[in-house]
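Chains as they are written, first to last, in our numbering: chain G, 1 to 326; chain S, 1 to 326. Here a beta-carbon is modelled for each residue, glycine too, at the ideal position from N, C-alpha and C.
Number of protein chains: 2
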Amino acid sequence: MSERRTWTRESLVEAVQAGDRRALARAITLVENGDPLAYEVVSDVYPSTGHAYAVGLTGPPGVGKSTLASSLIRIVRARDKTVGVVSVDPSSPFTQGALLGDRIRLVDHFLDPDVFIRSMGTRGHMGGLAETTLQSLLILDAAGKDVVFLETVGTGQSEVGVLSIADTVVLALMPGSGDSIQALKAGIMEIPDVIAINKMDHPMAKTMLNEVRQVLALGPREGWRPPIVLTEAMRGEGVEQLWEKVEEHRAWLDSNGELELRRQRNLAAEVFQVASTRARRHIEAAVRGDGELQRLLADVQARRLDPLTAVREILQKVFHVDAEAR
Amino acid sequence: MSERRTWTRESLVEAVQAGDRRALARAITLVENGDPLAYEVVSDVYPSTGHAYAVGLTGPPGVGKSTLASSLIRIVRARDKTVGVVSVDPSSPFTQGALLGDRIRLVDHFLDPDVFIRSMGTRGHMGGLAETTLQSLLILDAAGKDVVFLETVGTGQSEVGVLSIADTVVLALMPGSGDSIQALKAGIMEIPDVIAINKMDHPMAKTMLNEVRQVLALGPREGWRPPIVLTEAMRGEGVEQLWEKVEEHRAWLDSNGELELRRQRNLAAEVFQVASTRARRHIEAAVRGDGELQRLLADVQARRLDPLTAVREILQKVFHVDAEAR
């Protein structure tokens, strides 16, 4: 078994579509590095994607998302479906160790050839995390994975870039998730499709369940109403029911044509998100590399030139567009 | 007292600088509407700004930020300083009433001519909330307000646009803010300059204090270490000490030249933020109004054209730039 150190566009596309693990690992690394080869590969495989079901899994740090993901993988595998996981780590300056420790739960599946797991950090993504997640999902989709979990930490809107491509979004909470409940209630956190309350053995689990129920009762009466499932991911309890709810959501989407509509909306939103992030990087790079634009910034800092005039001049110079106040 | 219904650029600038309340109200409304007159007024007054001290106040919903703001205003007024408040409401589809009820605390100060309070929603801001907040701050600054509070709900990174211009950021937590503590610990929520634990009468307040202390102990040992203050905003308890900590932070920034550096960094970041948001709006409007770009999106949705190629073509067409994968 000799190591293949170089991939051509053709060989990588072929190996990705065959589900070759090293090819998948390589392709996603290329995606993370913003390598043109990744772009070519995804471009080639894109017409054959759309088969995988993308399940987003989010929640505040510490609720046991990785353990939950690990349990869900076990259940999906028992149903003989293949699995991909894209797990987005927060960039922690403090407790990287602890978070990695949590992620070790996923190691249970590292030897299963039909499970492919990839962790990625949150820094240094050319088109932002939205782009990296989307491209990675497409690669795993092209490799024939039936279910792809997109796992990321979430405390509000910041995870949107990662989860906006998901077909079903699962929010994990636990007793003590007071801030998240308040955020849901205040409408600053989007209502997910399915809610898991993990650590159901905790004495406050029932209280949390009631709080979540009350929040959801305030929501719209039409359409899908997010079910709440109590889980104890460490022992796998309730996770079967959680997966059933995900499948019910999928069936509901399928039954009324919503899945296709949702995917169309998601893809359009991703395109705008990635384009915006690239536009931003382009502006930052342009200002870094241009003495005249640097002087504009210095003038703002010295209160000689107001910020909005500086913005106008930057957009004019970098993109040759008028971004009027109107 | 006849109502002045029309302002000219000159009269509005003059009245803003004189601190005229109706002029301030009008100018900020124009800012919210993205009116060119607002842009001209801020441009005119900008050279005279930089006097106001901008204090950001954030925290998850329900911790009592508005009550805390109200108490802080009382203390600042007792020191004979004038106050401006920009309070950014979350857009709640559910409980707008409850949140407004909370905000009523601020009404205590509505009759004080040296306090100017403005609430704004989170929708429909041309350059995003960052732009609206910045412009409103500059107007209140030009009006001679000594302290301007920027109050917004925060559960992670989403409030950054509003608070990134603040000189001192106060994070309010309460017993039950477990998700926020975890987010601080995981490094996905930025460490603020001062922390208030509100609702100090709660039996779990001490536990929360210890948790916050532990998180902060993991931080850097050099530079400013965020103090923690226990408050009971409803009775005004601990708020005097909270304000002292804000002033200590200001003195610390002043003593080592950090204030000027921080403001320079903040202004540059605001310029990039506003430019990016405008670039995004520009892209979205361009695609809406262009059949060819619409077809690109449709091709992505039909899996005939991959998303990144669509992004490239959109950026090429809209901004005439190559946003290469590299």
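- [ ] Using a Cβ-Cβ cut-off of 9 Å, state whether residue 81 of chain G counts as contacting chain S.
- [x] No - not a single Cβ of chain S is within 9 Å of the one on residue 81 of chain G.
Quick one: which chain G residues come within Cβ less than 9 Å of residue 304 of chain S? Under a criterion of Cβ atoms nearer than 9 Å, the residues of chain G adjacent to residue 304 of chain S are, in order, 46, 47.
Next item on the list: Compute the beta-carbon to beta-carbon distance between residue 229 of chain G and residue 241 of chain G, rounded to the nearest angstrom, for a pair I have assumed lies under 8 Å.
Entry: Confirmed, about 5 Å.
Rounded to a whole number of angstroms, what is the C-alpha to C-alpha distance between residue 329 of chain S and residue 171 of chain G?
-> Residue coverage of chain S in this structure runs from 1 to 326, which leaves residue 329 of chain S outside it and unanswerable.
- Query: Using the rule of at least 16 other Cβ atoms within 10 Å of the residue's Cβ for burial, across every protein chain shown, is residue 36 of chain G buried or exposed?
  - Reply: So residue 36 of chain G ends up on the exposed side.
**Report entry** Inter-residue Cα distance where the pair is residue 89 of chain G and residue 278 of chain G
**Finding:** Residue 89 of chain G and residue 278 of chain G have their alpha carbons spaced roughly 22 Å apart.
Open item on the list: Taking the alpha helix (DSSP H) that residue 236 of chain S belongs to, which residues open and close that run?
Closed with: Premise fails: residue 236 of chain S is in no alpha helix (DSSP H) and is neither H nor E.
Query raised in the report: Any idea which residues DSSP pairs residue 223 of chain G with across the strands?
Result: Beta-bridge pairing links residue 223 of chain G to no other residue.
Which residue's Cα is closest to the Cα of residue 59 of chain G: G:299, G:163, G:81?
In terms of CA proximity to residue 59 of chain G, G:163 leads the group G:299, G:163, G:81.
Of all the CB atoms in chain S, is at least one closer than 9 Å to the CB of residue 74 of chain G?
Taking CB atoms only, residue 74 of chain G has no neighbour in chain S less than 9 Å away.
Quick one: Cα of residue 212 of chain G to Cα of residue 275 of chain G, how far? Distance between the alpha carbons of residue 212 of chain G and residue 275 of chain G: 36 Å.
Closer than 7 Å by beta-carbon distance: list the chain S residues that pair up with residue 42 of chain G, in chain order.
Per Cβ cutoff of 7 Å: 306, 308.
Quiz item: Got a sec: is the Cβ-Cβ distance from residue 39 of chain G to anything in chain S below 9 Å?
Solution: Closer than 9 Å to some Cβ of chain S, the Cβ of residue 39 of chain G qualifies, so yes.
message = Using a Cβ-Cβ distance cut-off of 9 Å, determine whether residue 321 of chain G contacts chain S.
response = Residue 321 of chain G counts as touching chain S.
Under 8 Å Cβ-Cβ, which residues of chain S neighbour residue 17 of chain G? Within chain S, no residue comes near residue 17 of chain G; the closest Cβ sits about 15 Å away, beyond 8 Å.
Helix, strand or coil, according to DSSP, for residue 95 of chain S in the structure here? For residue 95 of chain S, the pLDDT reaches just 38, beneath the cut-off of 50, and the residue's location in the model is therefore unreliable, leaving the point undetermined.
Mind checking which residues open and close the beta strand (DSSP E) that includes residue 110 of chain G?
Segment: none, residue 110 of chain G is in no beta strand (DSSP E) and carries neither H nor E.
Take the Cβ of residue 301 of chain S as the centre, count every other Cβ of all protein chains shown within 10 Å, and call the residue buried at 16 or more, exposed below. Classification for residue 301 of chain S: buried.
Counting only Cβ pairs nearer than 7 Å, list the residues of chain S close to residue 182 of chain G. Under the 7 Å cutoff, chain S gives 60, 61, 62.
Practice problem: To the nearest angstrom, report how far apart residue 296 of chain S and residue 284 of chain S are at their CA atoms. | Solution: Straight-line Cα distance between these residues: approximately 13 Å.
Output yes if chain G places a C-beta closer than 9 Å to the C-beta of residue 87 of chain S; else output no.
Chain G, which has no Cβ nearer than 9 Å to the Cβ of residue 87 of chain S, makes this no.
Going by Cα to Cα distance, which pick from G:319, G:11, G:208 is closest to residue 314 of chain S? Ranking G:319, G:11, G:208 by CA distance to the CA of residue 314 of chain S puts G:319 first.
I'd like to confirm the pairing. Which residues does DSSP put opposite residue 151 of chain S in its beta bridges?
Bridge partners of residue 151 of chain S: S:57, S:87.
Worksheet item: For the candidate residues G:43, G:180, G:81, whose alpha-carbon lies nearest to that of residue 146 of chain G?
Response: Ranking the options by Cα distance to residue 146 of chain G, first place goes to G:81.
- Message: Is any non-hydrogen atom of the ligand SAH found closer than 8 Å to the C-beta of residue 35 of chain S, if you look at the structure I gave you?
- Response: Looking for the ligand SAH in the displayed structure turns up nothing, as the structure carries no ligands at all.
Could you check whether residue 41 of chain S and residue 27 of chain S sit closer than 9 Å to each other, using their CB atoms as the reference points? Cβ distance < 9 Å, so residue 27 of chain S and residue 41 of chain S count as in contact.
Handout entry: Best match in G:76, G:267, G:173 for proximity to residue 305 of chain S [C-alpha to C-alpha]
Key = Nearest of G:76, G:267, G:173 to residue 305 of chain S, Cα basis: G:267.
Inter-residue Cα distance where the pair is residue 243 of chain S and residue 209 of chain S:
So the alpha carbons of these two residues sit roughly 18 Å apart.
request  = Taking residue 291 of chain S as the query, report the chain G residues whose CB atoms sit under 7 Å from its CB, ordered along the chain.
outcome  = Within chain G, no C-beta atom comes nearer than 7 Å to that of residue 291 of chain S; the closest sits roughly 15 Å away.
Problem - Inter-residue Cα distance where the pair is residue 6 of chain G and residue 153 of chain G - result: Per the coordinates, the alpha-carbon of residue 6 of chain G lies some 34 Å from the alpha-carbon of residue 153 of chain G.
Worksheet item: Would you say residue 111 of chain G and residue 167 of chain G are within 9 Å of each other, going by their C-beta atoms?
Response: No, they are not a contact pair.
Cut-off 6 Å between Cβ atoms - residues of its own chain near residue 14 of chain S, not counting five sequence neighbours on either side:
Non-local beta-carbon contacts of residue 14 of chain S in its own chain, meaning distances under 6 Å to residues more than five positions away in sequence, are absent.
- Task: Using a Cβ cut-off of 9 Å (strictly closer), state whether residue 179 of chain S contacts chain G.
- Result: For residue 179 of chain S, the answer is yes, since a Cβ of chain G falls inside 9 Å of its Cβ.
| Between S:143, S:249, S:118, which lies nearest to residue 331 of chain S when the distance is taken from Cα to Cα? | Since the first residue of chain S shown is 1 and the last is 326, residue 331 of chain S is not available in this structure.
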